[in-house]
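Notes follow the structure.
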Amino acid sequence: MLQAQFSASDADIASVKSAGYGSWLKSQVATPLGQSGTDWLDSKGFNAVTAGSRSYFGSGAADYMVWNQLMASPDAPRRRMALALSEILVTSTTVMTGYWPAYVMAAYWDVLCANAFGNYRTLLEAITLNPAMGNYLNTRGNKKADGKGSAPDENYAREVMQLFSIGLVLLNQDGTPKLDANGVAIDTYSNADITEVAKVFTGYDADTSQNSPITANPVTGGGTDNVPQTAFARLPMVQRGNNHSPEASNFFQNVSSVSPVSIPANTTAAAALKTALDALSNHPNNAPFISKQLIQRLVTSNPSPAYVKRVATVYADNGQGVRGDLGAVYAAILQDDEARAPAGLTAPDFGKLREPMVRLVQWTRTFNAPTAGTDWTKLGDLSDAGTRLGQSPLRSPTVFNFFRPGYVPPGTALSTGTVVPEFQLVNESSVAGYLNYMQSAIDTGIGGAAGLLAAYTAEIALAEGPSAASPSNLVNRVNLLLSGGQLSSTTLGTITTAVGSMAGTVTGNATTTATNLRKRVCATVLMVMASAEYLIQK
Numbered sequence: 003m004l005q006a007q008f009s010a011s012d013a014d015i016a017s018v019k020s021a022g023y024g025s026w027l028k029s030q031v032a033t034p035l036g037q038s039g040t041d042w043l044d045s046k047g048f049n050a051v052t053a054g055s056r057s058y059f060g061s062g063a064a065d066y067m068v069w070n071q072l073m074a075s076p077d078a079p080r081r082r083m084a085l086a087l088s089e090i091l092v093t094s095t096t097v098m099t100g101y102w103p104a105y106v107m108a109a110y111w112d113v114l115c116a117n118a119f120g121n122y123r124t125l126l127e128a129i130t131l132n133p134a135m136g137n138y139l140n141t142r143g144n145k146k147a148d149g150k151g152s153a154p155d156e157n158y159a160r161e162v163m164q165l166f167s168i169g170l171v172l173l174n175q176d177g178t179p180k181l182d183a184n185g186v187a188i189d190t191y192s193n194a195d196i197t198e199v200a201k202v203f204t205g206y207d208a209d210t211s212q213n214s215p216i217t218a219n220p221v222t223g224g225g226t227d228n229v230p231q232t233a234f235a236r237l238p239m240v241q242r243g244n245n246h247s248p249e250a251s252n253f254f255q256n257v258s259s260v261s262p263v264s265i266p267a268n269t270t271a272a273a274a275l276k277t278a279l280d281a282l283s284n285h286p287n288n289a290p291f292i293s294k295q296l297i298q299r300l301v302t303s304n305p306s307p308a309y310v311k312r313v314a315t316v317y318a319d320n321g322q323g324v325r326g327d328l329g330a331v332y333a334a335i336l337q338d339d340e341a342r343a344p345a346g347l348t349a350p351d352f353g354k355l356r357e358p359m360v361r362l363v364q365w366t367r368t369f370n371a372p373t374a375g376t377d378w379t380k381l382g383d384l385s386d387a388g389t390r391l392g393q394s395p396l397r398s399p400t401v402f403n404f405f406r407p408g409y410v411p412p413g414t415a416l417s418t419g420t421v422v423p424e425f426q427l428v429n430e431s432s433v434a435g436y437l438n439y440m441q442s443a444i445d446t447g448i449g450g451a452a453g454l455l456a457a458y459t460a461e462i463a464l465a466e467g468p469s470a471a472s473p474s475n476l477v478n479r480v481n482l483l484l485s486g487g488q489l490s491s492t493t494l495g496t497i498t499t500a501v502g503s504m505a506g507t508v509t510g511n512a513t514t515t516a517t518n519l520r521k522r523v524c525a526t527v528l529m530v531m532a533s534a535e536y537l538i539q540k
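To convert, take the position in the sequence shown, counting from 1, and add 2; that gives the numbering used here.
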């Protein structure tokens with residue numbers, strides 16, 4: 003369950019036991035999409051134009067939105083898959099500018115959620131035409147060559163191949179590189195291919211057809227802003243003006259085992275886009291390239307080639323002749339023998355470092371930190387590594403995500419081919435920042451906000467009494483809920499001893515007893531979440 007979603011409650015555990023893995027996963031994939039990020043922003047009044055504030059230029063509400071979606075949406079598996087996809091198909095709130103950047107990012111998040119269990123080809127087109135991606139990788143306003151030395155921007159053409167679909171080198175279906183006769187990896191594309199593909203992504207701009215009525219907002223000392231409606235943020239970009247390249251586009255002309263693509267001159271923008279995206283989604287690399295990264299985000303940093311191949315096979319054909327069925331891929335990843343086998347619990351190269359943002363979401367969901375009346379402005383950008391988590395959803399510092407899929411820490415003795423992507427976030431500052439932030443959140447709520455303060459009712463009941471058995475029961479429960487019972491007997495013993503040494507029930511003093519028991523629980527939760535065996539998800 004901790005691979006499939008963010009947390010595991012008593013009810014969740016009972017549900018999986020009763021239904022079985024396959025049936026439970028099928029039901030989760032079929033669960034209707036919950037409230038959209040855009041609708042959540044509207045419900046909180048973030049679409050209001052307030053005289054003098056110019057809040058429509060602010061992006062902070064995007065943070066409130068996505069944290070709410072991750073912590074409170076009932077369709078947690080869908081949101082977990084969407085978060086994984088957001089780390090492959092990267093855009094970032096950090097650099098989003100213009101009118102309504104929070105709505106632009108919410109609309110992008112909504113695309114990921116709506117297509118999380120849908121078809122990858124559909125998703126690829128949706129993100130290509132999304133205004134957030136248009137802003138981020140320069141397809142919005144991208145123009146054809148003008149005959150005077152100006153050429154189409156190549157940013158999106160490069161990244162849609164390198165990061166969003168096929169990667170840098172040709173792959174076998176098990177994710178390993180194909181090699182030429184000299185044992186050298188084979189490039190998937192050339193610089194010339196980038197130039198050719200870039201022609202396809204020209205002529206697009208925001209759909210402003212629903213911008214009216216414009217809201218005038220007098221701003222002291224700043225003139226008047228004529229503020230558009232938020233609708234453009236959720237509408238796919240459209241062709242505007244005569245800016246689409248009429249030139250022929252020819253790519254993959256000399257790539258081994260890959261069909262060449264030729265788009266004739268004067269092809270319509272829509273037809274050119276379809277041909278290009280079809281070529282990328284049907285490319286033999288697409289299945290292993292995306293499948294391996296999803297395995298890395300959900301289950302283990304170092305899946306075996308056989309694991310990758312099994313999932314890529316489902317990606318290529320879900321059993322009904324459909325390619326790119328992400329719901330089927332999600333189920334295949336989680337039901338694979340490599341994901342479920344007990345051997346993985348002791349294998350040193352199996353598993354992954356839990357991402358800081360996932361740990362925080364897990365804490366809120368595990369201990370039912372109430373969210374309905376929460377002041378979400380207390381939970382914003384948590385990217386600062388020294389004082390917060392060092393990671394915040396939809397806040398990647400670059401298009402390459404928070405970390406690279408193939409990251410290996412410099413100066414380490416990791417075996418050849420072993421990678422630890424999430425460790426790119428780890429340094430002395432981030433370790434201290436995480437512990438300090440979580441200690442505060444666990445004790446006093448996130449940002450001191452009472453609305454995100456866990457009650458720990460069930461855990462406090464186990465913390466009562468001075469006997470050794472009481473802390474043991476408490477520690478075992480927290481170990482089960484947070485780490486799936488992964489903590490070693492040594493670690494459990496250390497935590498139990500520490501908690502047992504803390505003050506507990508004080509006869510005749512209910513107030514002090516309540517304070518003491520809560521402190522026991524908070525200490526237990528923090529120590530579990532600080533332990534190495536928790537931090538590595540198996």
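Each residue gets a CB set at the ideal place from its N, CA and C atoms; glycine is no exception.
Looking at the structure shown, is residue i part of a helix, part of a strand, or coil, going by DSSP?
{"i": "ARG397", "result": "strand"}
{"i": "ALA2", "result": "One cannot answer for residue 2 here, as it falls past the ends of the chain, which runs 3 to 540."}
{"i": "ILE538", "result": "strand"}
{"i": "PRO179", "result": "strand"}
{"i": "LYS146", "result": "coil"}
{"i": "ASN478", "result": "helix"}
{"i": "VAL92", "result": "coil"}
{"i": "ALA187", "result": "strand"}
{"i": "ASP338", "result": "coil"}
{"i": "ILE462", "result": "helix"}
{"i": "TYR101", "result": "coil"}
{"i": "LEU27", "result": "helix"}
{"i": "ILE168", "result": "coil"}
{"i": "ASN193", "result": "helix"}
{"i": "ASP155", "result": "coil"}
{"i": "LEU173", "result": "strand"}
{"i": "LEU296", "result": "helix"}
{"i": "LEU455", "result": "coil"}
{"i": "ASP65", "result": "helix"}
{"i": "LEU35", "result": "coil"}
For residue i, does the count of other Cβ atoms within 10 angstroms reach 16, so buried, or fall short, so exposed?
{"i": "THR302", "result": "buried"}
{"i": "THR493", "result": "buried"}
{"i": "GLU430", "result": "exposed"}
{"i": "GLN5", "result": "buried"}
{"i": "GLN255", "result": "exposed"}
{"i": "VAL186", "result": "exposed"}
{"i": "ALA50", "result": "exposed"}
{"i": "LEU347", "result": "exposed"}
{"i": "THR204", "result": "buried"}
{"i": "LYS19", "result": "exposed"}
{"i": "PRO395", "result": "buried"}
{"i": "ALA200", "result": "buried"}
{"i": "VAL221", "result": "exposed"}
{"i": "ASN403", "result": "buried"}
{"i": "ASN70", "result": "buried"}
{"i": "ILE335", "result": "buried"}
By Cβ distance below 6 angstroms, which residues in the same chain neighbour residue i in space, the five residues on each side in sequence not counted?
{"i": "ASN132", "result": "TYR110 and VAL113"}
{"i": "SER75", "result": "GLY36 and ARG81"}
{"i": "THR33", "result": "ASP77"}
{"i": "ALA314", "result": "GLN175, ALA289, PRO290 and SER293"}
{"i": "SER167", "result": "LEU282 and ASN288"}
Once the 5 residues before and after residue i are set aside, which same chain residues still bring their CB inside 7 angstroms of it?
{"i": "VAL501", "result": "PRO473, LEU476, VAL477, ARG522, ALA525 and THR526"}
{"i": "ALA218", "result": "THR226 and ASN228"}
{"i": "ALA318", "result": "ALA289 and ARG325"}
{"i": "LEU464", "result": "SER472, ASN475, LEU476 and ARG479"}
{"i": "ALA86", "result": "LEU296, ARG299 and LEU300"}
{"i": "ASN245", "result": "LYS145, LYS146, THR204 and GLY205"}
Beta-carbon within less than 8 angstroms of residue i's beta-carbon, same chain only, minus the 5 sequence neighbours each way: which residues are those?
{"i": "THR389", "result": "GLY435, ASN438 and TYR439"}
{"i": "ILE188", "result": "VAL171, LEU172, PRO179, LYS180, LEU181, ASP182, VAL257 and SER258"}
{"i": "ILE196", "result": "GLU156, ALA159, ARG160 and MET163"}
Under 8 angstroms by Cβ, that's how I've got residue i and residue j pegged, so tell me the actual separation to the nearest angstrom.
{"i": "LEU173", "j": "PHE48", "result": "Actually they are not in contact, since the Cβ atoms of LEU173 and PHE48 sit about 43 angstroms apart, beyond 8 angstroms."}
{"i": "GLY62", "j": "GLY453", "result": "Contact flag wrong, Cβ pair sits at about 17 angstroms."}
{"i": "SER25", "j": "LYS146", "result": "With 8 angstroms as the limit, SER25 and LYS146 do not qualify as a contact, their Cβ atoms being about 52 angstroms apart."}
{"i": "SER503", "j": "SER94", "result": "At roughly 45 angstroms, the Cβ-Cβ gap does not stay under 8 angstroms, so SER503 and SER94 are not in contact."}
{"i": "LEU126", "j": "LEU279", "result": "6 angstroms"}
{"i": "THR368", "j": "LEU484", "result": "6 angstroms"}
{"i": "ALA10", "j": "GLY486", "result": "7 angstroms"}
{"i": "ALA1", "j": "VAL106", "result": "Nothing can be reported for residue 1, as the shown portion of the chain is limited to 3 through 540."}
If we cut at 8 angstroms on Cβ distances, does residue i have a partner in chain B?
{"i": "GLY205", "result": "No chain B is present in this structure, which holds just one protein chain."}
Notebook entry, point to check: Where are the alpha helix (DSSP H) runs, 4 residues long or more, that stay fully inside the region 381-451, in chain order?
Noted result: 430-446
Next item on the list: Could you name each continuous beta strand (DSSP E) segment of 3 residues or more that falls completely within the region 195-269, going from the start of the chain to the end?
Entry: 217-221, 225-229, 251-253 and 263-265
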